[in-house]
Amino acid sequence: MHAGGITRLRRIFDFASVYQIRSGVHGPTDVSPVGLAAAIHLGIAIPNFGIQEYMKHSAATHEVFRTDYSFEDGLLKPGEAFGLGDEYDDEAGAGHAYAPAYLPVARLLDGSMHNW
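Heads up: the sequence shown is residues 366 to 481, going by the numbering used here.
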């Protein structure tokens, strides 16, 4: 998502493969299951796959996003559904109000901002 989509991330990984650099995709829970499914499929498609970070989404998230991928024996498996394999349930989504969340701002003792 932050790289500009599947095609742009693929281009970055293609460039990295020229220098024998393996991929490493961030998989936090603030990225939806759709983003994780895209990362899984991209990892399968590139020759320089390295590692895919995986953090389990909440039960509420899986009510809204039905996924076809699975995590078994330390491996993410893409499933057999068409496309990325995710289905969004609009009715289930309506039952979960959006609550904005923000990352903390780290400041040094002098008040200047700092990388957290």
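We put the CB at the ideal spot given by N, CA and C, even for glycine. Keep in mind it's a predicted model, so treat the numbers as computed, not measured.
Among the options, the one whose alpha carbon lies nearest that of residue i
i	options	result
Y467	G389, D395, I405 and A381	D395
E452	V470, A471, R472 and V429	V429
G460	L473, A403 and A425	A425
I371	D438, L449, A462 and L474	L449
E445	Y419, A402 and L374	A402
G316	T432, A410, K421 and R376	Beyond the ends of the chain as shown, which are 366 and 481, falls residue 316; an answer cannot be given.
A471	R373, A464, N480 and P465	N480
D454	S423, Y434 and H427	H427
I409	P443, S382 and S423	P443
Helix, strand or coil at residue i according to DSSP, with G and I counted as helix
i	result
I471	Going by the sequence as given, residue 471 is Ala instead of Ile. If DSSP states are grouped into helix, strand and coil, A471 belongs with the strands.
I386	coil
E452	strand
I377	helix
Residues sharing a beta bridge with residue i, DSSP
i	result
K442	S435
H479	A471
I411	Bridge partners of I411: none, in fact.
I416	G389
F447	In DSSP, F447 forms no bridge with anything.
Exposure label - residue i; buried when at least 16 CB within 10 Å
i	result
I405	buried
P393	exposed
G369	exposed
P469	exposed
P530	With the chain represented from 366 up to 481, any question about residue 530 goes unanswered, as that position is not in the structure.
G476	exposed
A378	The question names Ala, yet the displayed sequence has Phe at residue 378. Buried, since its Cβ has 16 or more Cβ neighbours within 10 Å.
Please determine if the stretch 377-395 and the stretch 405-419 are in contact, where contact requires at least 3 C-beta pairs separated by less than 8 Å. yes
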